[in-house]
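In our numbering, the protein residues as written are 1 to 276.
All C-beta atoms, glycine included, are put in the ideal place defined by N, C-alpha and C.
Written below as C-alpha cells is the structure these notes are about.
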C-alpha cells in the first residue's frame, strides 16, 4: 500500500483507470451478498463499486489522505473506510466473507505474511480475489523497468507458491492490453505523452483560429454569402491509449500476460509454512 495510485480525474486515469475499474467489475458478482474487505482501497472508487452487491464493504488503505477523500466522495450506507497497514492486524479473526486486494502484494516486503494476515481475516471458506503484475513483463522483462514502489513483483510460479499454502486457487485469469502495439507499458506511456502534446498544441492554436473563422463568417454575412458548415476538428483524446481485457489465463500466457488475477478459497487447514 505504497503511495502509487491513480485517481479519477488525474491525467493518468485515461491511460490506466479503466484497467482498475475492470478488476473491480470482475469481482463484483463474486462478492455479492458477502461482507467484504477491500484492502489497499486507495481513494475508494473500487470499494464503492463492490458495495453495489456486497452486504457490507470496508475499505482500508495506508494513506490517511486517501481515506479522507474516500469518505468525502464515495458514500453508501453499507460502505465504510479506515486507515491501516496490510501487514498488521486490521480486524478480529474471521471478520470477512471475502477480501479483494488488487495491485497490493507487489508493494509489500513480505508477501507470505500479508497472505497469512488475509487468511486470518477471512471466515472458513472465505473468498480472496487478488491481482499482481507479472514481473516477467515489468521488472524482469527483456527491457526491465525499475519501480521504486514494487518490492515483490512475482512471476506465475512465485505467485502460486505464495498463495497455495493458505489458499486454494479456484480460477486463474489475466488482464492484458488487447491492442498488441500497446503490450509494452513503456510504449503506452510514450503514446500518452504524444497525444497529450498534440492536445496542448491544438488547444493553443484553437483560439486565434476561431477568431479568424468568426471574422470570415461576419464578412460573408455582410456580402450575403453563406459559409458551408464544417465540423470542428476535435482531437480524439483516447487514440493510442491502452485498452485491456480480462480473460482466462492459458498456460502458454503465464510468461507473457501483463497482470495476474486469481480467485481463491481460504484453506481451513493451511500448511505450516503459511502461518506467520
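Rounded to the nearest angstrom, what separates residue 43 and residue 217 at their Cα positions? On the chain shown, residue 43 is found 43 positions in, with the first residue counted as 1. On the chain shown, residue 217 is found 217 positions in, with the first residue counted as 1. Each residue's alpha carbon lies about 48 angstroms from the other.
Which ranges would you report for the alpha helix (DSSP H) in the region 19-56 if only whole runs of at least 4 residues count? 45-50
Enumerated in chain order, which unbroken segments of the alpha helix (DSSP H) with a length of 4 residues or greater are wholly contained in the region 136-177? 156-163
Rounded to a whole number of angstroms, what is the C-alpha to C-alpha distance between residue 32 and residue 55? Indexing the chain shown from 1 puts residue 32 at position 32. Indexing the chain shown from 1 puts residue 55 at position 55. About 7 angstroms.
Closest Cα partner of residue 152 within the set 105, 68 and 86: As a working mapping, residue 152 is identified with position 152 in the chain shown. Taking only the C-alpha atoms, the option nearest residue 152 is 105.
Kindly indicate the opening and closing residues of the beta strand (DSSP E) around residue 133. On the chain shown, position 133 is the one that residue 133 refers to. Counting along the chain, the beta strand (DSSP E) containing residue 133 begins and ends at 122-133.
For residue 238, three-class secondary structure by DSSP: On the chain shown, residue 238 is found 238 positions in, with the first residue counted as 1. Confidence in residue 238 is poor, its pLDDT being 41 and thus under 50, which makes the residue's placement unreliable; the coordinate value appears in the next sentence. Three-state DSSP puts residue 238 in coil, outside helix and strand.
Out of 108, 74 and 249, which has the shortest C-alpha to C-alpha gap to residue 52? Residue 52 sits at position 52 when you count from the first residue of the chain shown. When each option's Cα is compared against that of residue 52, the closest is 74.
What's the gap between the Cα of residue 262 and the Cα of residue 46? Position 262 of the chain shown, counted from the first residue, corresponds to residue 262. Position 46 of the chain shown, counted from the first residue, corresponds to residue 46. In a straight line, the C-alpha of residue 262 is about 17 angstroms away from that of residue 46.
Based on the DSSP secondary-structure assignment, which residues constitute the bridge partners of residue 332? Nothing about residue 332 can be reported from this structure: the residues present for the chain run from 1 to 276 only.
How many Å lie between residue 269 and residue 115 at the Cα? Residue 269 sits at position 269 when you count from the first residue of the chain shown. Residue 115 sits at position 115 when you count from the first residue of the chain shown. Answer to the nearest angstrom: the Cα atoms are 14 angstroms apart.
What does DSSP give as the partner residue(s) for residue 245 in the beta ladder? Residue numbering aside, residue 245 sits at position 245 when the chain shown is read from its first letter. For residue 245, which the question treats as bridged, DSSP gives the partners 176.
Spatial distance of residue 19 from residue 160 (CA atoms): The residue you call residue 19 lines up with position 19 of the chain shown. The residue you call residue 160 lines up with position 160 of the chain shown. Residue 19 and residue 160: Cα-Cα distance of roughly 22 angstroms.
From the DSSP output, read off the bridge partner residues of residue 96. Numbered from 1 along the chain shown, position 96 holds the residue referred to as residue 96. The partner list for residue 96 (beta bridge, DSSP) reads 122.
Distance between residue 250 and residue 80 (C-alpha atoms, nearest Å): Counting from one through the chain shown, the residue named residue 80 turns up at place 80. Counting from one through the chain shown, the residue named residue 250 turns up at place 250. For residue 80 and residue 250, the distance between alpha carbons rounds to 37 angstroms.
C-alpha distance - residue 141 paired with residue 213, whole-angstrom precision: Residue 141 sits at position 141 when you count from the first residue of the chain shown. Residue 213 sits at position 213 when you count from the first residue of the chain shown. The alpha-carbon atoms of residue 141 and residue 213 are separated by roughly 51 angstroms.
With a threshold of 16 other CB atoms inside 10 Å of the CB of residue 148, please say whether the residue is buried or exposed. Reading the chain shown from its first residue, position 148 is the one you call residue 148. Exposed is the call here.
So residue 99 packs on residue 37, CB below 8 angstroms; how close in whole Å? Position 99 of the chain shown, counted from the first residue, corresponds to residue 99. Position 37 of the chain shown, counted from the first residue, corresponds to residue 37. Yes, they are in contact, since the Cβ atoms of residue 99 and residue 37 sit about 5 angstroms apart, within 8 angstroms.
Distance check for residue 215 and residue 137, CA to CA, integer angstroms please. Position 137 of the chain shown, counting from 1, holds the residue named residue 137. Position 215 of the chain shown, counting from 1, holds the residue named residue 215. If you take the alpha carbons of residue 137 and residue 215, they lie about 54 angstroms apart.
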